[in-house]
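The numbering used here numbers the first residue of the sequence shown as 204 and each following residue consecutively.
Heads up, the beta-carbon is just placed ideally off N, CA and C, and yes, glycines get one too.
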Amino acid sequence: MQQHSLTIAPSLLAADFACLADELARAEAAGADWHHVDVMDGHFVPNLSIGPPVVKSLARVAKKPLDVHLMIEEPGRWVRDYAEAGAHVLTFHLEACPTSVEVLSTIALIRELGVKKVGLSLNPDTPVERLGEFLSSLDLVLVMSVFPGFGGQSFMPEVLPKVHWLREQGFEGQIEMDGGLNAETLPLCAAAGADCLVAGSALYGPGDMKARLSAMRSAAERARSSAESSES
Ligand code: DX5
Ligand code: ZN
């Protein structure tokens, strides 16, 4: 398989919400590839974050793509708003859709709306095999490594076999991991075959974001190369 280049996406959930434009600029200056934008509705997850007007304002000032992670019920009802707000990647949760037909129609709608990449996410306790029937329609799979809802939780290594399974199925899209990623856990994700790595609390917060992001990128690159050489 042709490898995707590594994408590092700081999660804005850990940023200072009083100055989001500055926080986007800080992440860009630090070398971020995407901005990960967590949308929570207080129903699908027990937390509430931001909605379409904020995403639209972010899109106006961001110089890097917005990777919008919808942790909401009835995603099909809302994707138009997020597409129009400027999402570059639009990812919704498998658990938010009661039927396969609804998953497929939401994927089709996101494409029809002209969003560049369509992603589907799954919670740590959802079997990855449930994604099988959708893989050929997806650009990205987001494997959650914490239960969604809050930043700053501990990484769950037991989800790593899901990444291996996806690659064994021949999935050629991007595999993203989100939740508890830091300098120690992110190499595990890269070694397993994930190429899109989200980190909130490990990147935002006081201090030198650029140094932290560069260290994470090098650690992920190293883990990837050693996993490749042990395979061959
Ligand atoms: C969790 C969110 C994550 C969160 C990650 O529900 O989807 O994107 O911001 O935060 P950290 O990296 O602090 O676990
Ligand atoms: Zn997220």
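Check, Outcome
"Inter-residue Cα distance where the pair is residue 343 and residue 371", "15 Å"
"Spatial distance of residue 276 from residue 323 (CA atoms)", "14 Å"
"Below 6 Å from a heavy atom of the ligand ZN - residues by beta-carbon", "214, 239, 241, 272, 381 and 401"
"Segment contact, 8 Å Cβ cut-off, at least three pairs: the region 344-354 with the region 244-252", "yes"
"Sequence-distant residues of the same chain with beta carbon closer than 8 Å to residue 308, five excluded per side", "279"
"Assigned secondary structure, residue 409 (DSSP; H/G/I helix, E/B strand, else coil)", "coil"
"The ligand DX5 heavy atom lying under 6 Å from the CB of residue 223", "no"
"Whole-Å CB distance - residue 273 paired with residue 223, under 8 Å assumed", "No, residue 273 and residue 223 are not in contact; Cβ-Cβ is about 18 Å, not under 8 Å."
"Residue 220 versus residue 327: straight-line alpha-carbon distance, rounded", "28 Å"
"Inside the region 293-362 only - beta strand (DSSP E) runs reaching at least 3 residues", "320-325 and 343-347"
"Among 347, 396, 317 and 282, the one whose alpha carbon lies nearest that of residue 305", "282"
"Residue 407 to residue 401 span [Cα, whole Å]", "11 Å"
"Cβ-heavy atom distance, residue 404 to the ligand DX5, below 6 Å", "yes"
"Those residues which DSSP pairs with residue 419 across a bridge", "For residue 419, which the question treats as bridged, DSSP gives no partner whatsoever."
"Beta-carbon gap between residue 419 and residue 397 smaller than 7 Å", "no"
"For residue 213, the first and last residue of its enclosing beta strand (DSSP E)", "210-213"
"Beta carbon of residue 233 nearer than 7 Å to that of residue 412", "yes"
"Under the three-state DSSP convention, the category residue 379 falls into", "strand"
"Minimum C-alpha distance to residue 368 - residue among 263, 333, 268 and 399", "333"
"Supposed contact pair residue 236 and residue 265 - C-beta distance, whole angstroms, cut 8 Å", "Actually they are not in contact, since the Cβ atoms of residue 265 and residue 236 sit about 12 Å apart, beyond 8 Å."
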